[in-house]
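K.L.:
The numbers in our numbering rise by one with no breaks, and the one at position 42 of the sequence shown is 42.
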Amino acid sequence: MKRVIQFFKDSYAELKKVQWPSREEVGSNTKVVLVSVLIFAAIYGVVDFLLLQGIELIF
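See below:
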């Protein structure tokens, strides 16, 4: 049981050392991720559509 308690104490001590991002940084990074996902989804959607049209044209 002592090992479990020591584990949680050590984990808590390590969490104190973490440099957490500010609220503004999190918001900014979230926007970048969302825009990137939308751009790649659009690109893959267009490629999928074109491949489907090409396959239908052949067969």
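Virtual Cβ for every residue (Gly too), placed ideally from N, Cα, C. This structure is a prediction, so every number in the text was calculated from the model and none was measured.
Rounding to the nearest angstrom, what Cα-Cα distance links L15 and D48 in this structure?
P.N.:
Approximately 44 Å between the Cα atoms of the pair.
K.L.:
Can you tell me whether DSSP reads Q6 as helix, strand or coil?
P.N.:
The answer is helix: DSSP assigns Q6 an H, G or I state.
K.L.:
Alpha carbon to alpha carbon, what distance is there between V46 and I58?
P.N.:
I58 and V46: Cα-Cα distance of roughly 18 Å.
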